[in-house]
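**Q** Residue numbers (the working numbering), protein chains in the order written: chain S, 0 to 291; chain W, -14 to 359; chain U, 117 to 220. In this text, a Cβ means the ideal position worked out from N, Cα and C, and glycines have one as well.
1) Could you tell me whether any Cβ in chain U is nearer than 8 Å to the Cβ of residue 15 of chain S?
2) Using a Cβ-Cβ distance under 8 Å, would residue 219 of chain U count as near chain S?
3) Note down, in chain order, every chain S residue with its Cβ under 7 Å from the Cβ of residue 50 of chain W.
4) Check whether the Cβ atoms of residue 271 of chain W and residue 288 of chain W lie closer than 8 Å to each other.
5) DSSP beta-bridge partners for residue 245 of chain S?
6) Let me make sure I understand the geometry here. Which of U:202, U:144, U:176, U:138 has the alpha-carbon closest to that of residue 23 of chain S?
7) So residue -6 of chain W is in the alpha helix (DSSP H); what residue range does that whole segment cover?
8) I need the DSSP call for residue 265 of chain W, collapsed to helix, strand or coil.
9) Which whole-angstrom value is the C-beta distance of residue 286 of chain W and residue 262 of chain W, which I expect to be below 8 Å?
10) On a CA-only basis, which of S:50, S:100, S:120, S:174 is nearest residue 338 of chain S? Give me that one, please.
11) How is residue 213 of chain S classed by DSSP in three states: helix, strand or coil?
12) The ligand FAD heavy atoms versus the CB of residue 68 of chain S: any closer than 7 Å?
13) So, helix, strand or coil for residue 179 of chain W, using DSSP?
14) Does the beta carbon of residue -13 of chain W come closer than 8 Å to any beta carbon on chain S?
15) Starting from the C-beta of residue 250 of chain S, find all residues in its chain whose C-beta is less than 7 Å away, skip the five residues before and the five after it, and write them out in chain order.
16) Given a limit of 8 Å on CB to CB distance, which residues of the region 143 to 165 of chain U reach chain S?
17) Can you pull the chain U residues whose beta carbon is under 9 Å from the beta carbon of residue 24 of chain S, in chain order?
18) If you reduce the DSSP assignment to three classes, tell me which class residue 222 of chain W lands in.
19) Could you give the distance in angstroms between the alpha-carbon of residue 178 of chain S and the alpha-carbon of residue 224 of chain S?
20) Using a C-beta cutoff of 8 Å, does residue 225 of chain W count as contacting chain S?
21) So, helix, strand or coil for residue 16 of chain S, using DSSP?
22) List the endpoints of the continuous alpha helix (DSSP H) containing residue 163 of chain W.
23) Along the chain, which unbroken stretches of the beta strand (DSSP E) at least 3 residues long are found entirely within the region 75 to 153 of chain W?
24) Got a sec? Which residues, its chain only, sit under 8 Å from residue 252 of chain W by beta carbon, not counting five neighbours each side?
25) According to a CB-to-CB cut-off of less than 7 Å, which residues of the region -1 to 12 of chain W neighbour chain S?
26) Quick check: is the beta carbon of residue 123 of chain S nearer than 8 Å to any beta carbon in chain U?
27) Mind checking which residues open and close the beta strand (DSSP E) that includes residue 115 of chain S?
28) If you check the beta carbons only, do residue 155 of chain W and residue 91 of chain W fall under 8 Å apart?
29) If you run the structure through DSSP and keep just helix, strand and coil, what is residue 4 of chain W?
30) Using a Cβ-Cβ cutoff of 8 Å, what residues of the region 167 to 192 of chain S are near chain U? List them in chain order.
31) What did DSSP end up calling residue 341 of chain W once you bin it into helix, strand or coil?
32) Residue 93 of chain S CB to nearest chain W CB: under 8 Å?
33) How would you label residue 106 of chain W, buried or exposed, when you count the other beta carbons within 10 angstroms and need 16 or more for buried?
34) For residue 261 of chain S, which three-state DSSP category applies?
35) If we define contact as Cβ-Cβ less than 8 Å, is residue 124 of chain U a contact residue for chain S?
36) Looking at the C-beta of residue 175 of chain U, does it have a partner C-beta in chain S at a distance below 8 Å?
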C-alpha cells in the first residue's frame, strides 16, 4: 500500500467526477502532500463547500466537513480559532471562493488566519450543469451565457495579494509534480495560504467551447500557462490570456491570527484584569483603614 | 446589597450567564439591540483565555460557531431580526448535522430594517420555521431578569443534551433595561456534563428512535464526516428514500420524545382562573400586574407564561382548556402565537388576542381593559 | 471508442515506435473497476506503454490497457496524473521514496 493511500477513504470510491476531471488530480496531489509531510490524519480537517470540488472531503480519511455554499472559510475560521494546533485545509471551487464566498475570501486573507485554501478554478459551475462563473474567460458560451460571456474574469491571485494574503500560488493540473510541491509549501506556511489550481471541466465548459475531451482542454490550459519569470518579461498585450504559475507572493513576516490572539490579546486582557483587581483590593483596604 | 446581587443590563445578564455556563467561543456581528453582548464578550472572553471574534457578517458568525462547536467548544452568537434572517441557512445546517449551538435573538421592529430601537415579538414563527425543510427547534422565551440568566444556562444544557440549535428569544426592552438580579453561585448551577468522548465505530448516526447521534468532536482520533447533505448512518451523503425518511424521523423524534424535559412554563393565579392569559417576554411582564389588578377587582384571571415557546406547550394548555373556556393571547405583533392558540384550543374555547406592532409595549392598564371586556 | 480515444492510441503507438524496450522491468497495476477510461495516463506516458481499450468492467466501458509493459521506464507520471487511483507503478516493490513518505 502506498503511504499516501492512508489518507484516502476507499469505501466511498469510485469518485463521482467525470472521466478526466482535474478534481481527481488535486485529490491525489493533496494526499501525496500530506504523505510527504508525514502528517497524522487525526490532526487534519478538510472543509469544503458546494460543487464538484465540494465532494472532495468525502474521500479523505481525516476529519471532514461538508458545509454550505460559499461559507467553508467561515467554518474553517471557527475550527482554527478553537484548535490552532491543527491543520485546516479548505477546498473550494469557482463559486464558493469568488462568487457567493468572495467576501469571506478577502476577510480570511486580511485576517491571515492559518487556513490552507486550495481553490480549484475550472472556469464554470460544473455540478449544476455549466453556468457562467466569475472565473469564466470572456466570450465563452455557458448555460447562462448562450451568446457569449461579456463579463471579464477575476484575477484571483492579484485580488488576494491586494487583500494582503501572505501566500499566493498558482499551478495547473497538467503538472502534478509541481502541483504537489506547491501544495506542500502552502501547507508548511503559517498563515493564510492559497493555491489556485487551473483545472479542466471538459464536460460542462469545454464541450460548449470546442474542447470536447480532457486532452484538448489540458492542451488549451497548457497553451495559457507560463512561468512567473516568463510572465514578467512579457508585454501587456502578450500577458492578456496567460496564467503565471509558481509561488506568486510569499510573506513570512505576517503573524497568523490565532497566534496574535493568544499571544497578544489574551495576555493583555489578563493583565488588565489583574490591574483592575489590584486597584479594587487597594480601594477596599483604604476603606477598611478609614473605618477602623 | 449582598455579594452576588448586581444591577446589570439585560444583554449583560445573558452574556454573563453564557460565560458561567461554560461558553468558550463567541463569534458575532454587531446589530442593534444586541451589540452589548458582543462588546461584553470581547472584553471578558480574552480575560479567561476563551475565544472571541467579530466576523464579517452574521452568516460568517454562525459558520464560525458551527466550526468551533465541531472542534469541541461551547458556542454562542447573538443577533437581531435582520441578522437572524441571514442566519437561516446555517441554522438548517446545525439541525441537519446535529450540532449543539446557542443563538440569542433580540427581537426588534420588523420586517427588514424596521425599528432598530423599538421592541416587538414578531420573530415567533420565524424561529420555528425560518430555515427551509422539516426541522425541530427549541426556543426559550425568558421574561424577567432572573429568567434571562437561568434560561440562557438552560439553553446551553438543552443544546448539548439534544444535539440541536437552541434559540433564546427576547426583545429590545428587556435587552436594554438595567435591573437588579441575584447571580447564582457556580456550584448551584446545573451544567450538563454528559457529552461523550469515545465511540465504538464510525456509524455516528446509527441509533434508535429518540436517541441522540453517537458522535464525538473532531480531532478525537475518529475520522468522522459531517455533512449538510442528507446522510446515512455513517454520515456519508445518500438519497436512498428509506434512509432519508428514517433520518428525518430520527431528527424529529430525538426532541419530541422528551417534551416533558424541554417544555417549561410558569403559572400565576391559575388554580381557579376563568380567563387564561397567554403572554411571553415583555408582554408577560405587563400581563402579571394586569392579572393581579383584575383579581383585586374580582375577575378570576390567570397568567400562563411559557418559558419554552417551541415546541409549543400544547398538552399543558389542552389540560387547562378542559376547565377554562376563555383565552386571551397578548403579543407585540400582528398575530402569530394567536394562530397556534386557534390550533391548540378546541372550538368551545373563546379565543381573543391583544395585538400591537408599533414598537410600544403593552401597559398593564391596557391589558386590564381587555380582561374586563372579556 | 470515440474519435479522441483512437487518436490517443495512435499517438501512443507512434511514441512507442520511436523507442526501444526499457532496460529494467517495471510492474504496472491497473484497478479496472476505478478506471473511467479518461485517457490522461495514455497521453502523458512518454514511452507509449499504455493504450485505451473497450472493457465492460469499467463504469464507462473503456479502461486503460498496458499493451507494452516492457517499455515502461518507471517515471510514474501515469500514477501521479490518474484522477481515480486506478494505476500504480511498482506497487508491490516500491523503489526509492515511493512508500516512506519522503518523496513521491
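**A** The answer reads as follows:
1) Proximity of residue 15 of chain S to chain U, defined by a Cβ-Cβ separation below 8 Å, is not satisfied.
2) Any reading at residue 219 of chain U needs caution, since the residue's pLDDT is 44, under 50, leaving its predicted position unreliable; the model's value is listed next. The beta carbon of residue 219 of chain U sits closer than 8 Å to some beta carbon of chain S.
3) 77, listed in chain order.
4) The answer is no: Cβ separation not under 8 Å.
5) Paired residues: S:169.
6) Per the Cα distances, U:202.
7) Per DSSP, residue -6 of chain W lies in no alpha helix (DSSP H); the unbroken beta strand (DSSP E) holding it starts and ends at -10 to -6.
8) In this structure, residue 265 of chain W counts as coil in the three-state DSSP scheme.
9) 6 Å between Cβ atoms; contact.
10) Absent from the model: residue 338 of chain S. The displayed extent of chain S is 0 to 291, so no value can be given.
11) Residue 213 of chain S: helix per DSSP, three-state reduction.
12) By its list of ligands, the structure shown contains no ligand whatsoever, and the ligand FAD lies outside what it can speak to.
13) Note: residue 179 of chain W maps to coil in three-state DSSP.
14) Confidence is the limiting factor: at residue -13 of chain W the pLDDT is only 45, short of 50, which leaves the residue's position unreliable and the question unanswerable from this model.
15) The answer, listed in chain order, is 165.
16) Residues of the region 143 to 165 of chain U that bring their beta carbon within less than 8 Å of a beta carbon in chain S comprise 149, 150, 152, 153, 154, 155, 156, 159, in sequence order.
17) Neighbours of residue 24 of chain S on chain U, chain order: 156, 196, 197, 198, 199.
18) DSSP places residue 222 of chain W in strand when its eight states are reduced to three.
19) In this model, residue 178 of chain S and residue 224 of chain S are separated by some 13 Å (Cα to Cα).
20) Not an interface residue.
21) In the three-state DSSP reduction, residue 16 of chain S falls in the coil class, being neither helix nor strand.
22) In the DSSP annotation of this structure, residue 163 of chain W is not part of any alpha helix (DSSP H); the continuous beta strand (DSSP E) holding it starts and ends at 163 to 167.
23) If we require 3 residues or more, the beta strand (DSSP E) runs fully inside the region 75 to 153 of chain W come out as 86 to 92, 123 to 125.
24) Answer for residue 252 of chain W: 287, 288, 289, 290, listed in chain order.
25) Listed in sequence order: 10, 12.
26) No, no contact with chain U.
27) Here the beta strand (DSSP E) through residue 115 of chain S covers 114 to 120.
28) Contact: yes.
29) DSSP places residue 4 of chain W in helix when its eight states are reduced to three.
30) Look at the region 167 to 192 of chain S: the residues with a C-beta under 8 Å from a C-beta of chain U are 175, 176, 179.
31) Reduced to three states, the DSSP call for residue 341 of chain W is coil.
32) No, its Cβ sits nowhere closer than 8 Å to a Cβ of chain W.
33) Buried, since its Cβ has 16 or more Cβ neighbours within 10 Å.
34) Note: residue 261 of chain S maps to helix in three-state DSSP.
35) Chain S contact via Cβ: present.
36) Interface annotation, residue 175 of chain U: in contact with chain S, CB-CB separation under 8 Å.
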